[in-house]
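Notes for the one structure printed next.
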Amino acid sequence: MKVSEYATEVINSRPYKYQTRQTFFKDLKRLGIWEMQVEDINSALIRDVVEKIQTQSTRKRLFITARSIFKNLGICQDLPNLEAEGKIYDIPTQAELEWLIDKSKYRLQLLLCMFGGLRVGEACAVTPEKLSGDYLDVNQAYSQDGLHLGSPKTYGKILLPHWLAEEVRNMKPNQYWKIGRTTKLVSHSCYKLSRSAKFKDMTGGKTVNPHMLRHWYATDMIRRGVNPEVVRRQMRHKNVSVTLRIYTQVRSEE
46 MKVSEYATEV INSRPYKYQT RQTFFKDLKR LGIWEMQVED INSALIRDVV EKIQTQSTRK
106 RLFITARSIF KNLGICQDLP NLEAEGKIYD IPTQAELEWL IDKSKYRLQL LLCMFGGLRV
166 GEACAVTPEK LSGDYLDVNQ AYSQDGLHLG SPKTYGKILL PHWLAEEVRN MKPNQYWKIG
226 RTTKLVSHSC YKLSRSAKFK DMTGGKTVNP HMLRHWYATD MIRRGVNPEV VRRQMRHKNV
286 SVTLRIYTQV RSEE
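Residues in the sequence shown are numbered consecutively from 46, following the working numbering.
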């Protein structure tokens, strides 16, 4: 049996989230084993492919995919479980980020990433009904392709700045994200604006993506002396070590 046939059967039989299923399919193709026979798959083959990839987070994910898909066959179970490695961003100043966000047609979604710590799919799923006072219930997220509105990566209620909660409360129906709109529109807008001549002059050529805003959010709270446990809850992490190790970029002198 081909890997494509076996993996499709396995993935569709397990209660994976939509985005997880899509990621598994993409990863198997990236590993170059999609059209191979299942009996030809082994750990050495997966390692040879993954060792050529420089990004630690991608290597970690590909190993997870291989272990998950073939666990019923006992194949690839000796692949390592790599530690997550936080990406170090060259983050512009708050004023520079706010300038960029004000220029974007996806201003509200980007503000939710920057001042609420939301992932872009979660920010796109925000509607006034999810508010209770200034608390936002993060309980849905759009998939990257925009074809599915489902569970977020992590659930939780977070406290928004009052002014941002008011913007959400005053959203008009035409501001709601719709099925079929890819969330990449937000990312592309952000990146394109950061490549403009004005922004490059301001920042010395720094580029911006929505996930960088989530990193800025965590880092800003730590710099202001917010209790790490509060930061963890706002970020909706299970473990405070993830918050501090991966999502905060504090210089040694600080």
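C-beta atoms are modelled at their ideal positions from N, C-alpha and C, and glycine is treated no differently.
Name the residue from the options whose alpha carbon lies nearest to the alpha carbon of residue i.
| i | options | result |
| --- | --- | --- |
| Ile45 | Leu145, Gln154, Tyr51 | The structure shown does not extend to residue 45, since the chain spans only 46 to 299, so no value can be given for it. |
| Met266 | Leu204, Ile146, Lys148, Glu167 | Leu204 |
| Pro137 | Glu80, Thr288, Met257 | Met257 |
Return no unless some Cβ of chain B is closer than 7 Å to the Cβ of residue i.
| i | result |
| --- | --- |
| Leu238 | This model lacks chain B altogether, as it is built from one protein chain only. |
Nearest-angstrom Cα distance between residue i and residue j?
| i | j | result |
| --- | --- | --- |
| Glu300 | Asn219 | Past the boundaries of the shown model lies residue 300; the chain is included only from 46 to 299, so the question cannot be answered. |
| Trp222 | Glu167 | 11 Å |
| Leu107 | Ser188 | 19 Å |
| Trp261 | Leu155 | 12 Å |
| Ser58 | Leu153 | 37 Å |
| Asp72 | Arg268 | 37 Å |
| Val95 | Gln101 | 10 Å |
| Ile98 | Arg75 | 11 Å |
| Met46 | His193 | 30 Å |
| Thr172 | Gly249 | 36 Å |
| Ile56 | Val275 | 36 Å |
| Met247 | Cys158 | 21 Å |
| Asn184 | Val231 | 20 Å |
| Ile91 | Arg290 | 28 Å |
Is residue i buried or exposed, if buried means 16 or more other CB atoms sit within 10 Å of its CB?
| i | result |
| --- | --- |
| Gly161 | buried |
| His207 | exposed |
| Gln64 | buried |
| Pro60 | exposed |
| Thr228 | buried |
| Ile120 | buried |
| Ile146 | buried |
Any idea what DSSP makes of residue i, helix, strand or coil?
| i | result |
| --- | --- |
| Gly77 | coil |
| Ala170 | coil |
| Val183 | strand |
| Leu156 | helix |
| Ser102 | helix |
| Ile203 | strand |
| Gln139 | helix |
### Query
With a cut-off of 8 Å, do at least 3 Cβ pairs link the segment 270-286 to the segment 193-213?
yes
### Task
Could you say if the segment 252-262 and the segment 228-244 meet the contact criterion of at least three C-beta pairs nearer than 8 Å?
yes
### Task
Report yes or no: do the segment 110-120 and the segment 52-61 share at least 3 C-beta pairs separated by less than 8 Å?
yes
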